[in-house]
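> So the sequence shown is numbered by my numbering: it starts at 16 and just counts up by one. Using N, Cα and C, we set each Cβ at its ideal position, and we do this for glycine too. Note that the structure is predicted; figures quoted are calculated from it, not measured.
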Amino acid sequence: MQQSATINIDDLVDSQKITGFNWLLVFWCFVITLIDGYDISAAPAAGPFFVRDWHLASPAALTFPFSATNFGVLFGAPLFGWIGDRYGRKIAIILSLIVFGLFTMLVAVANSVDHLTWARFLTGFGVGGVVSNTISLNAEMAPRRVRATFIILMFIGTTLGGIFPPIVANTLVATYDWPIIFWIGGIVPLVIAALSFFILPESIKYLSLVPSRRAEMVRLAARMGTTIGPNDVIVSASHNRDKARFIDLFVGKFALITPLMWLLFAINLMVFYFVNIWLQTIITPALIKAGGNAATAQNAGLMFQLGGSVCGLVMCRFVDKMGLRPVILLILLGIPSTAAIGYLATTPWLVWITFVSGFCLLGIQFGLNATAGIMYPTHVRALGVGYAFGIGRFGAFGGPALGGMLIGMNFPLEHLYLIAAAPLVISVIACVVMIFLHDTGADAPSDETVLAH
Numbered sequence: 016m017q018q019s020a021t022i023n024i025d026d027l028v029d030s031q032k033i034t035g036f037n038w039l040l041v042f043w044c045f046v047i048t049l050i051d052g053y054d055i056s057a058a059p060a061a062g063p064f065f066v067r068d069w070h071l072a073s074p075a076a077l078t079f080p081f082s083a084t085n086f087g088v089l090f091g092a093p094l095f096g097w098i099g100d101r102y103g104r105k106i107a108i109i110l111s112l113i114v115f116g117l118f119t120m121l122v123a124v125a126n127s128v129d130h131l132t133w134a135r136f137l138t139g140f141g142v143g144g145v146v147s148n149t150i151s152l153n154a155e156m157a158p159r160r161v162r163a164t165f166i167i168l169m170f171i172g173t174t175l176g177g178i179f180p181p182i183v184a185n186t187l188v189a190t191y192d193w194p195i196i197f198w199i200g201g202i203v204p205l206v207i208a209a210l211s212f213f214i215l216p217e218s219i220k221y222l223s224l225v226p227s228r229r230a231e232m233v234r235l236a237a238r239m240g241t242t243i244g245p246n247d248v249i250v251s252a253s254h255n256r257d258k259a260r261f262i263d264l265f266v267g268k269f270a271l272i273t274p275l276m277w278l279l280f281a282i283n284l285m286v287f288y289f290v291n292i293w294l295q296t297i298i299t300p301a302l303i304k305a306g307g308n309a310a311t312a313q314n315a316g317l318m319f320q321l322g323g324s325v326c327g328l329v330m331c332r333f334v335d336k337m338g339l340r341p342v343i344l345l346i347l348l349g350i351p352s353t354a355a356i357g358y359l360a361t362t363p364w365l366v367w368i369t370f371v372s373g374f375c376l377l378g379i380q381f382g383l384n385a386t387a388g389i390m391y392p393t394h395v396r397a398l399g400v401g402y403a404f405g406i407g408r409f410g411a412f413g414g415p416a417l418g419g420m421l422i423g424m425n426f427p428l429e430h431l432y433l434i435a436a437a438p439l440v441i442s443v444i445a446c447v448v449m450i451f452l453h454d455t456g457a458d459a460p461s462d463e464t465v466l467a468h
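Right, here's the structure in full:
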């Protein structure tokens, strides 16, 4: 009779050697978030063309469509987070890609602000699902020693993806008109969704919770360097837990950490989307009035995203080793750099100050993404990440809305970004409190909680 062994899935993941399998997973999730980032920045890049072609009286008329995607994410992130916890990360990611691919193509045929608003709202459902489930998949497949690094490397795709809509706007729109931005943003995710059926693995921690998929788990474990026999017993810290429940996000120290994480997501996404959504649309007329080139505004948007990508490469190991502490430094630098954008909008320094602002704001988000992805136990991870992004989208929705309101009130450009940066002061306080809560060592329902080391 064949002897049985006890296989701990958590130890299997944490002790695995980093191989081509791990890098393929990170790379493919990077590709997925690349097109996700492209889609997020597509509408802002097309903003000046909407104003021109639809003869809008003011850029403020785009407030609702610019906010609609994030309003959709409010619902899509927890919805697809629940699908990921119940049916698997892989299927949730593929469905999310299909949803935002189809509705992005609907934007390409939009002919009014109302049409654009509904299409962007429905696109947001898919965008939210991609974010929450790619974080969960990487958090559950990467060893703890490099978990934050892998999540941040994956999310560099979001910022790099945001670079391409301004490039398309500067190079292809003159020939193919603005819908080309959205045809690219709609067709590519559908292709990626089809390829993901063959390339993307399911989370081994999720599979360990589903007895009917044991054979799939055994094959995946073999790819990760571990052989599981037919009589081996599988254990994990998550096996003793029930299905994901909303209340589990508030047990123990998480009663404070979860709301603070939501607050941090909401504030940073509010500031980020205030800057990112309106950057090209409101700076373009200011540049033209000052005798500058409209392409400079597109370049500023590109540099904003590029700064975030550079910060992602710098931040990844620091977050693994220091948790949220580097985020505090980025917030302190992000306040003055973001506030200065309006004052430097018509100067040669514009592209450089937007680079620094992007470095900070996107770096903050990288740190928050990684922390949210590793602080919850497996059975509620996608739910926790989904709610963090979902609640955070109140801020992401509010940022463009606040910007549109201030633009409609004819606020001076200099004051707009000063107002945008102000809420980051609260983020510093929230980060300090979260680190203190972690360092006190209070009980929490987490199998792998890492806020600071």
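1. Rounded to the nearest angstrom, what separates Pro-158 and Thr-132 at their Cα positions?
2. Does the contact criterion of 3 or more C-beta pairs under 8 angstroms hold for the region 350-368 versus the region 56-68?
3. Quick check on the burial criterion: 16 or more other C-beta atoms within 10 angstroms. Buried or exposed for Arg-160?
4. Could you confirm whether any beta carbon from chain C is found closer than 8 angstroms to the beta carbon of Val-206?
5. Between the alpha carbons of Val-28 and Leu-317, how many angstroms are there, rounded?
6. Can you check the region 373-451 for any alpha helix (DSSP H) of at least 4 residues that lies completely inside it and give the ranges in chain order?
7. Below 8 angstroms, how does it come out for the region 227-242 and the region 133-147: are there three or more Cβ pairs, yes or no?
8. Output the distance between the C-alpha atoms of Leu-452 and Val-366, rounded to the nearest integer angstrom.
9. What does a CB cutoff of less than 6 angstroms around Gly-399 pick up in its chain, not counting 5 residues either side in sequence?
10. Answer yes or no: do Phe-319 and Thr-369 have a C-beta to C-beta separation smaller than 8 angstroms?
11. For Glu-429 and Cys-44, what's the separation of their Cα atoms in angstroms?
12. Check the C-beta distance from Leu-321 over to Ile-199 and give it rounded, since I have them as a contact under 8 angstroms.
13. Would you identify the three-state DSSP class for Thr-273, choosing helix, strand or coil?
14. Any idea what DSSP makes of Ile-24, helix, strand or coil?
15. Determine the contact status of Ile-346 and Ser-442, defining contact as a CB-CB distance below 8 angstroms.
16. Are there 16 or more other CB atoms within 10 angstroms of the CB of Ala-184, so buried, or fewer, so exposed?
17. Just to confirm, are Ile-98 and Ser-223 a CB contact at a threshold of 8 angstroms?
18. Alpha carbons only, please: which of Ser-151, Leu-49 and Ser-73 is nearest the one belonging to Ala-163?
19. Within this structure, are the beta carbons of Ser-352 and Ile-171 separated by less than 8 angstroms?
20. Would you mind sorting Arg-67 into buried or exposed? The rule is 16 or more other CB atoms within 10 Å of its CB.
21. Express the C-alpha separation of Ile-207 and Lys-478 in angstroms, rounding to a whole number.
22. Hey, Val-114 and Gly-96: beta-carbon distance below 8 angstroms or not?
Put simply:
1. As a working mapping, residue 158 is identified with position 143 in the sequence shown. As a working mapping, residue 132 is identified with position 117 in the sequence shown. Those two C-alpha atoms are separated by around 41 angstroms.
2. Short answer: they don't touch.
3. The count along the sequence shown starts at 1 and reaches residue 160 at position 145. Per the 10 Å Cβ criterion, exposed.
4. The chain inventory of the structure shown lacks chain C, comprising one protein chain alone.
5. Counting from 1 along the sequence shown, the entry for residue 28 is found at position 13. Counting from 1 along the sequence shown, the entry for residue 317 is found at position 302. Roughly 37 angstroms separates the two Cα atoms.
6. If we require 4 residues or more, the alpha helix (DSSP H) runs fully inside the region 373-451 come out as 393-423 and 428-436.
7. Segments in contact, no.
8. For the purposes of this step, residue 452 is taken as residue 437 along the sequence shown, with counting starting at 1. For the purposes of this step, residue 366 is taken as residue 351 along the sequence shown, with counting starting at 1. Roughly 39 angstroms between the two C-alpha positions.
9. Position 384 of the sequence shown, counting from 1, holds the residue named residue 399. Excluding the 5 residues flanking it on each side, Gly-399 has same chain C-beta neighbours closer than 6 angstroms at Leu-264 and Tyr-391, in chain order.
10. Residue mapping note: residue 319 aligns to position 304 of the sequence shown, counting from 1. Residue mapping note: residue 369 aligns to position 354 of the sequence shown, counting from 1. In contact: Phe-319 and Thr-369 (Cβ atoms closer than 8 angstroms).
11. The residue you call residue 429 lines up with position 414 of the sequence shown. The residue you call residue 44 lines up with position 29 of the sequence shown. Their backbone Cα atoms lie some 38 angstroms apart in a straight line.
12. Position 306 of the sequence shown, counted from the start, is the residue given in the question as residue 321. Position 184 of the sequence shown, counted from the start, is the residue given in the question as residue 199. Leu-321 to Ile-199, Cβ: 19 angstroms. No contact.
13. Taking the first residue of the sequence shown as 1, we reach residue 273 at position 258. DSSP places Thr-273 in helix when its eight states are reduced to three.
14. The residue given as residue 24 occupies position 9 in the sequence shown. Ile-24 sits in a helix when the DSSP states are folded into three classes.
15. Position 331 of the sequence shown holds residue 346. Position 427 of the sequence shown holds residue 442. Cβ distance < 8 angstroms, so Ile-346 and Ser-442 count as in contact.
16. As a first step, residue 184 is located in the sequence shown; it is residue number 169 there, counting from the start. Label assigned to Ala-184: buried.
17. As a position in the sequence shown, residue 98 is number 83, starting the count at 1. As a position in the sequence shown, residue 223 is number 208, starting the count at 1. Going by C-beta atoms, Ile-98 is not nearer than 8 angstroms to Ser-223.
18. Position 148 of the sequence shown, counted from the start, is the residue given in the question as residue 163. Comparing Cα positions, the closest option is Ser-151.
19. Taking the sequence shown and counting its residues from 1, one reaches residue 352 at position 337. Taking the sequence shown and counting its residues from 1, one reaches residue 171 at position 156. In this structure, Ile-171 does not lie closer than 8 angstroms to Ser-352 by Cβ.
20. As a first step, residue 67 is located in the sequence shown; it is residue number 52 there, counting from the start. With fewer than 16 other Cβ atoms inside 10 Å of its own Cβ, Arg-67 counts as exposed.
21. Outside the displayed range of the chain (16 to 468) lies residue 478, so it cannot be described from this structure.
22. The residue given as residue 114 occupies position 99 in the sequence shown. The residue given as residue 96 occupies position 81 in the sequence shown. Taking a C-beta distance under 8 angstroms as the contact criterion, Val-114 and Gly-96 do not qualify as a contact pair.
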